[in-house]
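S.K.:
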Amino acid sequence: AQTVTQSQPEMSVQEAETVTLSCTYDTSENNYYLFWYKQPPSRQMILVIRQEAYKQQNATENRFSVNFQKAAKSFSLKISDSQLGDTAMYFCAFMKPFLFGNEKLTFGTGTRLTIIP
Amino acid sequence: DTEVTQTPKHLVMGMTNKKSLKCEQHMGHRAMYWYKQKAKKPPELMFVYSYEKLSINESVPSRFSPECPNSSLLNLHLHALQPEDSALYLCASSQAQSSGNTIYFGEGSWLTVV
C-alpha cells in the first residue's frame, strides 16, 4: 500500500513571495503518477500539476513547479509570486496506474496555505 | 470552470429519507468516481465506474447505492443515512483510455443528515 505524508499542516506567506510545500511518499512501485490538487474555500478540488515518475524533468505550470526526487520519494510544490487566490488547502496525491480508469488517488493530509496581503 | 457538474450543491435529509446526488460530465470520459470528504480530511474513494460498469467498491455501506445510467451520468442514491454520513461528496471523472489518467473533480455536494 502507498502512503503520502505532508508534514506541514499550515503555512502562510506574504503576497508575491515564493513558498514551497513538502510531500513525501512511500511505495514499492516503479511506475506511478504524482499530483498536487488545491481546494479553496469553495471546496472544489482543482488540479494544480501532474508528474509522471518515469520523467526526470520536473513539471511546471506557470507559477507552479515541482521538485521531484524519485530516489528520495519526495515531491515538493513551489509557488512563485504567490497571489491571494492561491489561498487554499493543498493536497499531494499518489496514483498507481491501472487500465481503463480503475485508478485510485491516495491523498496526503493536506497543507493549509494562507497568502497574506 | 469545472466540467464535472454536481447537483444539488447542498442537501439536508432526514435519516428516513431517500435522496440522490447527481453528477454529469461532457468531456467524453469513461471512468467516473465518487469520493467522500469529511471536514479537515482528504477525500476517500467510495466507488469507481469504468465504461459504465462498477469496477471498484471500497466496502461502502449499502445505504449508499451508485448508478451509472450512461457514460456521462453518475448518481449516488442515499437511503437510511446516519448523521456521521454528513460530508462533502465529490464526483470525478477521467479518460480511462489507457493508464495514468488525470482525475478531474466537480464542485461537490454538501450533505447534511439530521
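Protein chains in written order, with the numbering used here: chain L, 1259 to 1375; chain F, 1049 to 1162.
For each residue, glycine too, the CB sits at the ideal point set by N, CA and C.
#1: For R1078(F), count the other beta carbons within 10 Å of its own beta carbon; 16 or more makes it buried, fewer makes it exposed. Which is it?
#2: What does M1269(L) pair with, by DSSP beta-bridge criteria?
#3: Shorter than 9 Å from the beta carbon of S1332(L) to some beta carbon of chain F?
#4: According to the neighbour-count rule (16 or more other Cβ atoms, all chains shown, within 10 Å of its Cβ), is Y1295(L) buried or exposed?
#5: Against chain F, does K1313(L) count as a neighbour if the rule is that its beta carbon must be under 9 Å from one of theirs?
#6: Taking S1141(F) and Q1073(F) to be in contact with their CB atoms under 8 Å, please state how far apart those CB atoms are, rounded to whole angstroms.
#7: Could you have a look at E1132(F) and say whether DSSP puts it in helix, strand or coil?
#8: Where in the segment 1081 to 1149 of chain F do unbroken runs of the alpha helix (DSSP H), each at least 4 residues long, occur, reported from the N-terminal end onward?
#9: Which residue wins for smallest C-alpha separation from N1320(L), given the options L1335(L), A1330(L), K1331(L) and Q1314(L)?
#10: Assuming the contact rule is C-beta atoms closer than 8 Å, F1322(L) and C1281(L) should be a hit. Round their C-beta distance to whole Å, please.
#11: Please name the residues in the segment 1090 to 1110 of chain F whose beta-carbon is closer than 9 Å to at least one beta-carbon of chain L, in chain order.
#12: Thinking C-beta only, is L1059(F) closer than 9 Å to L1159(F)?
M.R.: On the basis of the supplied data:
#1: buried
#2: L1371(L)
#3: no
#4: buried
#5: no
#6: 4 Å
#7: helix
#8: none
#9: L1335(L)
#10: The pair is not a contact, with the Cβ atoms about 13 Å apart (cut-off 8 Å).
#11: P1090, P1091, E1092, L1093, V1096, Y1097, S1098, Y1099, S1103, I1104 and E1106
#12: yes
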